[in-house]
Amino acid sequence: EYYVDKAGKISAAPEKIFTFNLMQNYPNPFNPVTTINYSIAKAGLVTLQVYDILGREVKTLVNEVKAAGNYEVNFNATSTGSLASGMYIYKLTAGSFTKVNKMLLLK
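17 is the number of the first residue of the sequence shown in this note's numbering; add one for each residue after it.
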């Protein structure tokens, strides 16, 4: 990619810089589908998992090597069988970075 500055000089576009982040899902509360956005700063193995409030794994949404960048994943509560209404935790792990957020399923 290239860009032209005000003086007409053509330069290579600056590299995009990504950070590690796990955003709040939306909509929240949800029924039955919600979207989770996250970003990773460098390539590596990424896992994104959903847990019930007792810490039992409900679903693995991502478990693969990803390039640095921004990503979006949909979680469909009906794809895991019959989930009860209530609080669920989702956890992103990428290298040494780990972050968790809460989401609320309302039926």
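Here a beta-carbon is modelled for each residue, glycine too, at the ideal position from N, C-alpha and C.
Delimiting residues of the beta strand (DSSP E) encompassing residue i
| i | result |
| --- | --- |
| ALA110 | 102-110 |
| ASN44 | Neither: ASN44 is in no beta strand (DSSP E) and is coded neither H nor E. |
| LEU99 | LEU99 -> no beta strand (DSSP E), and no H or E assigned at all. |
| LEU77 | 73-82 |
| ILE69 | ILE69 -> no beta strand (DSSP E), and no H or E assigned at all. |
Option nearest residue i by Cα separation, candidates the options
| i | options | result |
| --- | --- | --- |
| LEU122 | GLY71, LYS22, SER101 | SER101 |
| ASN37 | THR109, MET119, LYS118 | THR109 |
| TYR67 | LYS58, PHE34, ALA93, PHE113 | ALA93 |
| THR35 | LYS118, ALA83, TYR106 | ALA83 |
| GLY111 | MET103, GLY85, LEU120, ALA57 | ALA57 |
| THR114 | TYR54, PRO43, LYS22 | TYR54 |
Buried/exposed call for residue i, threshold 16 Cβ in 10 Å
| i | result |
| --- | --- |
| THR76 | exposed |
| ILE26 | exposed |
| LEU70 | exposed |
| VAL49 | exposed |
| VAL62 | buried |
| ASN86 | exposed |
DSSP beta-bridge partners of residue i
| i | result |
| --- | --- |
| MET119 | TYR104 |
| PHE36 | For PHE36, which the question treats as bridged, DSSP gives no partner whatsoever. |
| THR50 | PHE91 |
| TYR60 | Checking the sequence, you will find Gly at residue 60 rather than Tyr. LYS82. |
Residue i at chain B interface by Cβ criterion, 8 Å
| i | result |
| --- | --- |
| ALA59 | Included in the structure is just one protein chain, with no chain B present. |
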